[in-house]
Amino acid sequence: MCQRSIKKERNILFMKEDDFCSERKLSRQEFGELRHKTISCYKVLPKRGSDLLEMLQTDVLSTGCYGIDELLQGGLHPGEVTEISGETATGKTQLAFSATLTTICANKNNKVLFIDTVSTFSAERIRTLFLESDRFDHSRCQGMGEEDVMNRIRIAKCFDVYAVMEFIEDLRDHLENKDKDDNVYTNVKLIIIDSFAAIFSPLLGVTQTQGHSLMITLTRILRNLAKEYNIAVLVINAAIASNPNNPISVFSSTKSKPSLGMSWTFMPDVQLYLTHCVENKIENEKNIQQNYVYTNRKEIEVIMKPKICEVHRSRNGQMGKWCIFYMGGNELFTHDDII
Numbered sequence: 001m002c003q004r005s006i007k008k009e010r011n012i013l014f015m016k017e018d019d020f021c022s023e024r025k026l027s028r029q030e031f032g033e034l035r036h037k038t039i040s041c042y043k044v045l046p047k048r049g050s051d052l053l054e055m056l057q058t059d060v061l062s063t064g065c066y067g068i069d070e071l072l073q074g075g076l077h078p079g080e081v082t083e084i085s086g087e088t089a090t091g092k093t094q095l096a097f098s099a100t101l102t103t104i105c106a107n108k109n110n111k112v113l114f115i116d117t118v119s120t121f122s123a124e125r126i127r128t129l130f131l132e133s134d135r136f137d138h139s140r141c142q143g144m145g146e147e148d149v150m151n152r153i154r155i156a157k158c159f160d161v162y163a164v165m166e167f168i169e170d171l172r173d174h175l176e177n178k179d180k181d182d183n184v185y186t187n188v189k190l191i192i193i194d195s196f197a198a199i200f201s202p203l204l205g206v207t208q209t210q211g212h213s214l215m216i217t218l219t220r221i222l223r224n225l226a227k228e229y230n231i232a233v234l235v236i237n238a239a240i241a242s243n244p245n246n247p248i249s250v251f252s253s254t255k256s257k258p259s260l261g262m263s264w265t266f267m268p269d270v271q272l273y274l275t276h277c278v279e280n281k282i283e284n285e286k287n288i289q290q291n292y293v294y295t296n297r298k299e300i301e302v303i304m305k306p307k308i309c310e311v312h313r314s315r316n317g318q319m320g321k322w323c324i325f326y327m328g329g330n331e332l333f334t335h336d337d338i339i
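Under full-length UniProt numbering, the residue at position 158 of the sequence shown is numbered 158, and the numbers go up by one with no gaps.
Here it is, written out as structure tokens:
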């Protein structure tokens, strides 16, 4: 294929037969055989229900926060697209870092692919989180080192939607080529995109139908890739104002909502929303501390701030559920852990 300058499957599937044969000096018979083989590679094959059930039971990935895992019915599920959106400084990126390290520490072969669209990825932040957080103390005691952790994180810098789509196509090519010893994407269990809003917000609007179409197309490509290769996908979204309040939220005081509009709303399998847990936001909830001081194993005091995570929408779970979690420094845990 490379000798005939055929780089993408879509060229074979969607170009006119005469144009394709003329440009690449192929006969109609050769073109027909090539198209048939391409379609065969992408045909849908049925799977046993027992295999799917076993996959769900064994490959669910923890976010690193027990309360949020409960909202997700165990954690991040392979074959699903999970969205985390929320207000500024509610811990969206830190939660993504937490899921990254938790996935890597769960199995010595696991890898995480982090698609960075706004330069939020920080190798030093990941390193510090692993070395200092009590949550990863067991992994450190078992001999896991920072070099091993960092070697199993793959970072891709993509600053527009076209770069992301091209990268996803290349990723599929690598995943299909399982026999290569130098395949850097072998055993990728989690794909994180931070941020989804950054690459689509400039393209969306009442008259910009192409942006909505691209967003739906990319999400479908991600979901198909995730289902085919047993990968969980986590996308980070931003928030916009919702006046007078957000009707989807459990809390009447929530005056924001996920960005990207209605065309995005039903695309993720699960939509989590993070907000600040301000005073009097939750009635009848006791022992919420606005500045909880946690002393870690190194006897260092860490100031923790309460946040709320709620399920706005879910294809397979219950909507309207929520939890309180505390985040600060390099620590993250559920409200129930301190009461």
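For glycine and all other residues, C-beta sits at the position ideal for the given N, C-alpha and C.
Values in this document were obtained by computation on a predicted structure and should not be read as measured data.
Quick one: give me the first and last residue of the alpha helix (DSSP H) that residue i is part of.
i, result
"residue 301", "Not the alpha helix (DSSP H): residue 301 falls in the beta strand (DSSP E), residues 301-314."
"residue 21", "17-24"
Would a C-beta distance cut-off of 8 Å place residue i and residue j closer than the cut-off?
i, j, result
"residue 296", "residue 173", "no"
"residue 82", "residue 268", "yes"
"residue 159", "residue 129", "no"
"residue 231", "residue 188", "yes"
"residue 198", "residue 86", "no"
"residue 218", "residue 211", "no"
"residue 75", "residue 63", "yes"
"residue 270", "residue 311", "yes"
"residue 331", "residue 304", "yes"
Hey, residue i and residue j are a contact pair by Cβ (cut 8 Å); roughly how many whole angstroms apart?
i, j, result
"residue 71", "residue 321", "5 Å"
"residue 100", "residue 221", "Actually they do not touch by this definition, with Cβ atoms about 22 Å apart."
"residue 327", "residue 79", "At roughly 28 Å, the Cβ-Cβ gap does not stay under 8 Å, so residue 327 and residue 79 are not in contact."
"residue 236", "residue 196", "6 Å"
"residue 116", "residue 155", "6 Å"
"residue 325", "residue 309", "6 Å"
"residue 293", "residue 299", "Not a contact, Cβ separation roughly 12 Å."
Whose C-alpha, out of the options, is nearest the C-alpha of residue i?
i, options, result
"residue 94", "76, 121, 145", "121"
"residue 84", "148, 258, 243", "258"
"residue 125", "329, 333, 334", "329"
"residue 276", "270, 288, 223, 266", "288"
"residue 338", "20, 67, 38, 18", "67"
"residue 243", "118, 252, 167, 331", "252"
"residue 215", "176, 78, 162, 233", "162"
"residue 291", "307, 282, 281, 299", "307"
"residue 69", "302, 313, 272", "272"
"residue 150", "127, 171, 131, 140", "127"
"residue 209", "33, 313, 263, 34", "263"
"residue 138", "105, 170, 111", "105"
"residue 145", "170, 27, 108", "108"
"residue 249", "118, 190, 200, 313", "313"
"residue 255", "270, 200, 266, 274", "274"
"residue 136", "73, 185, 65, 184", "65"
"residue 260", "247, 186, 201", "201"
In the DSSP assignment, the beta strand (DSSP E) including residue i goes from what residue to what residue?
i, result
"residue 86", "81-86"
"residue 331", "331-334"
"residue 327", "322-328"
"residue 270", "270-276"
"residue 293", "292-295"
**OP:** Any chance you could list the alpha helix (DSSP H) runs of at least 4 consecutive residues sitting entirely within the region 150-197, in chain order?
**Re:** 161-176
Subject >> Segments of 3+ residues assigned as beta strand (DSSP E) that fall wholly inside the region 222-268 >> reply: 232-236, 239-241, 256-258
**OP:** Could I get the ranges of all uninterrupted alpha helix (DSSP H) runs contained in the region 70-149, with 4 residues as the minimum, in chain order?
**Re:** 92-106, 123-132, 137-141
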